[in-house]
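Read the structure below first, then the notes.
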Amino acid sequence: MSLFRNIKTRLIRLLRSVKRSVIPGFEGLTVFEVSSFFWNGMKNGALTMRASAIAYNFFLAVFPAIIVLFTLIPYIPVENFQRELMNLLHDLMPANVYDAVETTIQEIITRKRNDLLSFGFVLALFFATGGIAALVNSFNASYHNIENRTWLKRQLVSIVLIFIFCILISISIILIIFSGMVIDFLQAEEILTNKFLIALLHNGKWLIILIFTFFSISSLYYLAPAKRKEFKFITPGSILASFFIILTSVGFSAYINNFGQYNKFYGSIGTLIAFLIWLFINSLVLLIGFELNASINNARKTKNRPVLKTPQHH
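When we follow our numbering, the leftmost residue of the sequence shown carries the number 1167, and every step to the right adds one.
Structure (structure tokens):
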């Protein structure tokens, strides 16, 4: 009985400490105050249905988006830019998914196509915004938010986000290339000789990828909501989503590459199934991060709302 009482007492203390604990970024709110809103958003927000819609729209938008992004890449005067970008995609995507799209990507990025920078480019841009537009619509269909913008405004926001992502991708690749050149120079001059340190610095590209992912998601969470003024740029949701997108992408790729049997069971269509699952998982992570931000915002507004006192009759 004494053991049971000790466990019960410790659980009560733990619950009380959780009720009082404040996590940085929660704007002075306790975990308990935010958790009720977050739970309602997770339970009533139809997350899996919205994630499925986003994954489907991203699947339709992925090749137009590749055309938009990769058509511009041959015009960037940075040596080995294309090769590093392909290496980056290879690291993030499951091997069979990467193999399926590699030929198409190589065809686009290694040849300058002036015709794609005219009507075809504009058309590709229009279809590429479909994936981002699906995210914008899904964020504003949240349990905590209601969309109140016109279709044109949502499309403009989607186009702005597409170009922001292109710029961030370009900066990230340039940083990866530049850091590699610096490491090679330090090795050649025998300034850097420790093999462990060299390997650690070469793997520093994952830090660059994490920073790129964080700024991309932060831009998405900041610009996508209809009530943008209520959200900050750096948020707990963007930190959470950035970490889990890298984790799930690497983890899912490792699983598919080593244990996945999609190709054996489904043949070549297994690649599409794996790609859709990968998109679905990342879409779900993005929605969970946004729900966390929306929950913090709603908990803050509820806490700051003045309580109306009922008049007392004597």
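For glycine and all other residues, C-beta sits at the position ideal for the given N, C-alpha and C.
Inter-residue Cα distance where the pair is residue i and residue j
| i | j | result |
| --- | --- | --- |
| L1445 | A1266 | 15 Å |
| M1481 | L1453 | This structure leaves residue 1481 out entirely; the chain is present only between 1167 and 1480. |
| N1303 | I1443 | 21 Å |
| M1347 | K1371 | 13 Å |
| L1211 | E1199 | The residue you asked about is not Leu; residue 1211 is Gly in the sequence shown. Each residue's alpha carbon lies about 19 Å from the other. |
| F1362 | A1465 | 47 Å |
| A1231 | L1291 | 7 Å |
| V1263 | A1420 | 12 Å |
| A1217 | L1450 | 5 Å |
| P1402 | L1213 | 19 Å |
| S1201 | S1461 | 8 Å |
| N1463 | T1359 | 50 Å |
| P1467 | G1455 | The residue you asked about is not Pro; residue 1467 is Lys in the sequence shown. Going by the C-alpha atoms only, they are around 19 Å apart. |
| R1315 | A1294 | 20 Å |
| N1253 | N1369 | 13 Å |
| I1377 | I1405 | 10 Å |
| I1439 | E1457 | 27 Å |
| V1197 | I1271 | 45 Å |
| E1356 | N1459 | 48 Å |
| N1206 | Q1353 | 54 Å |
| A1307 | F1203 | 16 Å |
| T1524 | R1176 | Because the chain here runs from 1167 to 1480, residue 1524 falls outside it and cannot be looked at. |
| I1173 | L1195 | 28 Å |
| I1330 | L1389 | 11 Å |
| L1366 | I1349 | 11 Å |
| I1412 | A1261 | 16 Å |
| G1296 | A1219 | 11 Å |
| E1268 | I1400 | 34 Å |
| I1422 | V1228 | 20 Å |
| K1398 | F1351 | 40 Å |
| A1441 | I1364 | Before going on, a small fix: residue 1441 reads as Phe here, not Ala. Cα to Cα, F1441 sits roughly 33 Å from I1364. |
Coarse secondary structure for residue i, derived from DSSP in three states
| i | result |
| --- | --- |
| T1401 | coil |
| T1316 | coil |
| T1414 | helix |
| T1196 | strand |
| T1295 | helix |
| I1462 | helix |
| P1230 | helix |
| L1352 | helix |
| I1435 | helix |
| M1145 | Since the first residue shown for the chain is 1167 and the last is 1480, residue 1145 is missing from the structure and cannot be characterised. |
| A1261 | helix |
| L1358 | coil |
| A1365 | helix |
| G1346 | helix |
| V1473 | Residue placement at V1473 is poorly supported in this model, since its pLDDT is 48, which falls under 50; the coordinates are not used for a value here. |
Any chain D beta carbon closer than 7 Å to residue i
| i | result |
| --- | --- |
| G1436 | Considering every chain present, this structure includes no chain D. It has just one protein chain. |
Proximity winner among the options, relative to residue i (alpha-carbon distances)
| i | options | result |
| --- | --- | --- |
| S1408 | I1271, L1373, Y1421 | L1373 |
| V1326 | I1339, F1344, I1298 | I1298 |
| S1324 | F1351, I1233, Y1387 | Y1387 |
| S1345 | I1328, F1329, I1375 | I1375 |
| I1340 | I1422, A1227, Q1248, G1436 | Q1248 |
| D1257 | T1437, F1418, I1435 | F1418 |
| L1251 | L1413, F1351, I1342 | I1342 |
| S1415 | V1228, M1215, M1259 | M1259 |
| L1255 | A1365, I1349, I1447, S1338 | S1338 |
| L1289 | F1305, T1269, I1330, I1233 | I1233 |
| I1328 | L1413, I1412, A1300, I1422 | A1300 |
| F1410 | F1351, I1400, V1228, I1447 | I1447 |
Taking contact to mean at least 3 C-beta pairs separated by less than 8 Å, is the stretch 1326-1334 in contact with the stretch 1376-1395?
yes
contact_flag[the stretch 1215-1230, the stretch 1313-1322] where n(CB pairs < 8 Å) is 3 or more:
no
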